[in-house]
Every structure is written in structure tokens, then in C-alpha cells.
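Asks: Top line first, the protein sequences correspond to chains L and E.
If you want this note's numbering, it's the position in the first sequence, counting the first as 1, plus 2.
If you want this note's numbering, it's the position in the second sequence, counting the first as 1, plus 5.
This is the structure I have questions about; it appears just below.
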Amino acid sequence: MSKFKKKKKGLPAISTASLPDIVFMLLFFFMVSTTMRETDLLIKKPNLPTASEVKKLELKSLVSTIYVGKSKDKRIAGDKIQANDKIIDVKDVPNFIFSERALRKEEEVKFMTTSIKADKDASVGTILDIKEQLRDINALKVSFSTRKGSDIKSNYK
Amino acid sequence: MARRESGGDFSASSMADIAFLLLIFFLVTTTMDVDSGIARKLPEKTPQDVQVTIKEKNVLDIVVNRNNQLLVENEFVQVTDIKRLAMEFIDNGGGIGAPKEGKPGEPCDYCKGRRDPESSDHPSKAIISLQSDRGTTYGMYVSIQNEIEAAYNELRNRLAVEKYGRSYNDLLDDYNDNPTESLKEKIDYLKDSYPQIISEPEPIK
């Protein structure tokens with residue numbers, strides 16, 4: 003039996019066969035977990051209202067988002083508007099849309115949609131002001147961002 | 006004994022399985038927040054001096070105040086009543102429709118309403134007016150918009166099922182999957198039959 007003497011091995015080398023898998027795993031993990039949101043919220047995260055008749059926004063690249071909500075600082079009252087990483091005034095909304103338009107091709111401009119993500123406790127006055135500004139510059143496609151659900155009553159309590 | 010001393014290669018072949026398992030786990034659990042909402046088309050700016058005469062009966066007045074209380078045609082109602090009221094109003098069909106492409110208006114032959122002469126003439130003439138207060142909360146505003154949208158969708162669905170045996174929502178889904186001319190025609194017909202005419206006057210200060 004001892005004719006085939008086993009060779010004495012030292013410490014076996016760690017198998018590197020699994021290394022690619024580990025690398026891929028990490029890669030996938032970061033790919034998946036990185037949020038697609040490109041803006042950091044400077045206002046308090048808007049608590050979106052619920053609606054049942056929602057439509058999905060097609061063509062995400064043609065959507066410009068305006069956030070409306072309370073300031074993070076509790077002492078500051080009133081609604082704040084955020085677009086593109088900064089808090090803006092209502093009358094700056096057209097400038098924001100123009101800058102968004104400048105990034106797109108000319109023929110795509112008419113398909114651009116403005117998504118308004120507003121807190122359900124925001125006042126309609128602010129929203130209507132934004133709408134008026136959008137009308138002024140002919141950005142007519144608007145989507146009121148909501149969560150899908152049938153519990154409409156939770157919107158106004 | 007000898008085996009253990011040599012350390013023993015552990016099998017690396019399951020590594021890929023573990024990696025894929027994790028990958029699939031993260032794929033399933035992370036939600037990319039899909040942006041969805043109520044789509045609205047704002048009216049274009051018109052010159053101030055254009056005067057349009059609209060009959061009082063063709064307008065459904067919805068007024069909401071800063072305490073989130075609702076008046077529809079001067080009656081105090083709840084948000085959940087709006088859909089029914091709007092449907093009754095749009096679908097009334099008490100008269101003839103708006104003239105289209107030079108042709109005179111026709112009575113609504115697909116309406117199932119009461120044909121009350123005191124209510125709207127035709128879906129193409131029925132205007133919903135939503136007057137809000139600056140202090141109304143956005144949640145309330147969206148709820149009302151949602152109910153109005155629901156009313157239109159239900160009417161379109163009903164007509165679609167009657168005419169094509171398939172609901173309006175299904176037709177829209179079909180169109181997204183496979184945009185064909187005939188589908189577009191159907192959808193346009195339905196949209197034309199119950200056009201959304203929503204007017205939002207200046208808010209109450």
C-alpha cells in the first residue's frame with residue numbers, strides 16, 4: 003500500500019478560482035444597491051400622496067423633477083421648492099426648465115415631462131404657482147407624483 | 006489523518022452559485038423607485054381678451070376651501086362622492102355635442118346618463134371646474150384630481166368594453182407593448198368620446 007507514497011505537501015495555496023466570483027458579486031452588489039437618484043434632498047423627504055389612477059412615467063431621461071416640501075429646519079415654516087440640488091424660488095422654475103431643455107435634443111423637448119414630487123401637506127398655492135410658471139414657458143406636460151394605492155383617505159388627515 | 010494534514014482543497018465550484026444567489030437576492034429586494042403619478046396636461050396660455058360663453062349647466066363646479074371641505078354645485082360633499090357626481094355629470098348627454106370639423110354637434114348616442122336637460126349637454130361640452138384655495142393641502146388636491154381621473158377612466162372603460170370587448174386600460178397596455186395604428190385609432194376614439202376638460206380658475210386668496 004505504501005508503494006504510492008503521498009508527497010508531503012506544505013500549506014496548500016489558497017485557491018484563487020473563486021476570486022472572480024467574489025469580484026463579480028461585489029460588482030453586482032454595488033451596481034444594484036447604488037440608488038438611481040441623482041439629487042440629494044435638501045428639504046425633508048416629501049411624503050407623497052396616494053392615488054389609484056396612476057400612470058407610470060415613460061422615458062425617464064425626459065423627466066425633470068421638482069420637489070416641494072418642508073425645510074429640514076423645523077423653525078422655518080412654509081414650502082420649499084428644490085430642483086437640481088438647490089432650493090429655488092418659484093420664479094426660478096422657468097430657468098430650471100430651460101436648463102433641463104438645454105441638455106436634451108431639440109426634437110425631444112416637446113416630450114419632456116415635469117414631475118412634481120410634493121408633500122401631501124404642502125399647500126396648493128405653491129403647486130399652482132409652479133404650474134403657472136410652467137404654463138408661461140409652455141412646459142405643459144406635468145405629472146403629480148404619487149404612490150399607488152387605494153387608501154385615498156390618508157391624503158387629507 | 007493524512008488527508009486532513011494536507012488541508013484539502015475546498016471546492017470552489019459552489020462559489021459561483023453563492024454569488025448568483027446573492028445577486029438574485031439583491032435584484033429582487035432592491036426597489037428602484039418607479040416614478041408614477043397622475044398625468045396632467047396644462048392648458049396653453051391664451052390671450053387675455055378671448056371671451057368664451059359657456060352655459061352654466063355645462064360646468065360642474067367643485068370648490069375646496071382651506072379646511073379641505075368640498076362643495077360640488079353648492080352642496081357639501083365628501084371626496085368619495087366626487088367620482089359618482091362627475092360621472093353622472095359627464096355622462097348626462099342632455100343635449101347635442103360640440104360641433105366637430107365643421108359638422109354640427111350630435112346628441113350623445115353612447116351616454117347612459119339621465120339625459121337631464123338641467124345638466125351637461127354632451128361629454129365634449131362637459132367642463133369640470135376645480136377651484137381651490139391657496140391653503141388647501143396638496144393631498145386633498147391630488148385626491149380630487151384622482152377622483153376626476155377615475156370618473157373619466159371608468160366611462161372610457163365602459164365604452165371600450167361595449168365597443169371593443171376590452172377595457173380602456175387593457176387597450177393602453179396593449180398599445181405600450183405593440184403600438185399599431187388600429188389600436189391608436191381605438192384609443193383616440195375613446196379619448197375623443199370622453200375628453201378630459203378640466204378648468205382650474207385662479208385660487209381663492
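Using N, Cα and C, we set each Cβ at its ideal position, and we do this for glycine too.
What you are looking at is a predicted structure, and each value in this text was computed from that prediction instead of being measured.
(1) Do you know offhand how far E:T141's Cα is from E:N72's?
(2) Could you tell me the distance, in whole angstroms, from the CA atom of L:K133 to the CA atom of E:S124?
(3) Answer yes or no: do E:I149 and E:I67 have a C-beta to C-beta separation smaller than 8 Å?
(4) Mind reading off the beta-carbon distance from E:L135 to E:R161? Whole number of angstroms is fine, and I expect it under 8 Å.
(5) Taking the alpha-carbon of E:Y115 as reference, which of E:K108, E:K168, E:G42, E:K50 has the nearest alpha-carbon?
(6) Let me check one thing: in DSSP terms, what residues is L:R149 bridge-paired to?
(7) Pull out every residue of the region 179–201 of chain E whose Cβ sits closer than 7 Å to any Cβ of chain L, in chain order.
(8) Looking only at DSSP bridge pairs, what is L:T115 linked to?
(9) Taking 8 Å as the CB-CB cut-off, is L:Y69 touching chain E?
(10) Answer yes if the region 75–94 of chain L comes into contact with the region 116–132 of chain L, meaning at least three C-beta pairs across the two stretches below 8 Å, and no otherwise.
(11) Check this for me: beta carbons of E:E152 and E:K88, under 8 Å apart or not?
(12) Are the C-beta of L:A79 and some C-beta of chain E separated by less than 8 Å?
(13) How would you call E:V57, buried or exposed, if buried means at least 16 neighbouring beta carbons within 10 angstroms?
(14) Is the region 20–31 of chain L close to the region 51–58 of chain L, with three or more CB pairs under 8 Å?
(15) Taking C-beta to C-beta, are E:Y173 and E:N183 nearer than 8 Å?
(16) Take L:S117 as the anchor and find which of L:I16, L:I45, L:L61, L:P14 has the nearest alpha-carbon.
(17) Can you tell which of E:G110, E:V82, E:Y180, E:I59 has its C-alpha closest to the C-alpha of E:I132?
(18) Residues bridged to E:E80 by DSSP?
(19) Identify the contact partners of L:L61 in chain B, using a Cβ-Cβ distance below 9 Å as the criterion.
(20) Since E:I1 is in the alpha helix (DSSP H), which residue starts that stretch and which ends it?
(21) As an exercise, report each continuous alpha helix (DSSP H) stretch of at least 4 residues that is fully enclosed by the region 78–134 of chain L, in chain order.
(22) Between the C-alpha atoms of L:M33 and E:D22, what's the straight-line distance to the nearest angstrom?
(23) For L:G80, count neighbouring C-beta atoms within 10 Å of its own C-beta (all shown protein chains included) and say buried if the count is 16 or more, exposed if not.
(24) What would DSSP say about E:S148, mapped onto helix, strand or coil?
(25) For the beta strand (DSSP E) that E:D178 lies in, which residues bound it at each end?
(26) The beta strand (DSSP E) spanning E:R45 covers which residue range?
(27) To the nearest angstrom, how far is the alpha carbon of E:T85 from that of E:G144?
(28) Is E:S137 helix, strand or coil when you go by DSSP?
Replies: To lay it out plainly:
(1) Taking the first residue of the second sequence as position 1, residue 141 of chain E is located at position 136. Taking the first residue of the second sequence as position 1, residue 72 of chain E is located at position 67. Straight-line Cα distance between these residues: approximately 7 Å.
(2) Taking the first residue of the first sequence as position 1, residue 133 of chain L is located at position 131. Taking the first residue of the second sequence as position 1, residue 124 of chain E is located at position 119. Between L:K133 and E:S124, the C-alpha separation is close to 30 Å.
(3) In the second sequence, counting from the first residue as 1, residue 149 of chain E sits at position 144. In the second sequence, counting from the first residue as 1, residue 67 of chain E sits at position 62. By the CB criterion at 8 Å, E:I149 and E:I67 fall inside the cutoff.
(4) The residue given as residue 135 of chain E occupies position 130 in the second sequence. The residue given as residue 161 of chain E occupies position 156 in the second sequence. With a Cβ gap of about 20 Å, E:L135 and E:R161 do not count as contacting.
(5) Counting from one through the second sequence, the residue named residue 115 of chain E turns up at place 110. Closest by alpha carbon: E:K168.
(6) To locate residue 149 of chain L, count along the first sequence from 1; it is residue 147. As a beta-bridge residue in DSSP terms, L:R149 pairs with L:T52.
(7) Listed by position along the chain: nothing, the set is empty.
(8) Here residue 115 of chain L refers to the residue found at position 113 of the first sequence. Note: L:T115 sits in a beta bridge opposite L:V65.
(9) As a position in the first sequence, residue 69 of chain L is number 67, starting the count at 1. L:Y69 does not count as touching chain E.
(10) Here the region 116–132 of chain L lies against the region 75–94 of chain L, with 3 or more beta-carbon pairs under 8 Å apart.
(11) What you label residue 152 of chain E is simply residue 147 of the second sequence in a count that begins at 1. What you label residue 88 of chain E is simply residue 83 of the second sequence in a count that begins at 1. Against a cut-off of 8 Å, the Cβ pair of E:K88 and E:E152 comes out as a contact.
(12) For this step, residue 79 of chain L is matched to residue 77 along the first sequence. Under the Cβ distance rule, L:A79 does not count among the residues neighbouring chain E, no pair being separated by less than 8 Å.
(13) On the second sequence, position 52 is the one that residue 57 of chain E refers to. Result: exposed.
(14) In this structure the region 20–31 of chain L does not lie against the region 51–58 of chain L, because fewer than three pairs of beta carbons, one per stretch, are closer than 8 Å.
(15) Locating residue 173 of chain E in the second sequence gives position 168, counting from the first residue. Locating residue 183 of chain E in the second sequence gives position 178, counting from the first residue. No, these two residues do not count as a Cβ contact at 8 Å.
(16) Here residue 117 of chain L refers to the residue found at position 115 of the first sequence. With distances taken between Cα atoms, L:S117 lies closest to L:L61.
(17) Taking the first residue of the second sequence as 1, we reach residue 132 of chain E at position 127. Closest option to E:I132, Cα to Cα, is E:I59.
(18) Against the second sequence, residue 80 of chain E aligns to sequence position 75. For E:E80, which the question treats as bridged, DSSP gives the partners E:V77.
(19) Of the protein chains in this structure, namely L and E, none is chain B.
(20) An answer regarding residue 1 of chain E cannot be provided, because it is not within the stretch 6 to 210 covered by chain E.
(21) Counting only runs of 4 or more, we get 95–105.
(22) For the purposes of this step, residue 33 of chain L is taken as the residue at position 31 of the first sequence. For the purposes of this step, residue 22 of chain E is taken as the residue at position 17 of the second sequence. Straight-line spacing of the CA atoms in L:M33 and E:D22 works out to 19 Å.
(23) In the first sequence, counting from the first residue as 1, residue 80 of chain L sits at position 78. Classification of L:G80: exposed, given that the 10 Å Cβ count is below 16.
(24) In the second sequence, the residue the question calls residue 148 of chain E occupies position 143. Reduced to three states, the DSSP call for E:S148 is helix.
(25) Locating residue 178 of chain E in the second sequence gives position 173, where the first residue counts as 1. Going by DSSP, E:D178 is part of no beta strand (DSSP E) but of the alpha helix (DSSP H) stretching over 173–182.
(26) Here residue 45 of chain E is taken as the residue at index 40 of the second sequence, counted from 1. Residues 41–46.
(27) Within the second sequence, the letter at position 80 stands for residue 85 of chain E. Within the second sequence, the letter at position 139 stands for residue 144 of chain E. The straight-line gap from Cα to Cα measures roughly 14 Å.
(28) Within the second sequence, residue 137 of chain E is the residue found at index 132, counting from 1. E:S137 falls in the coil class under three-state DSSP.
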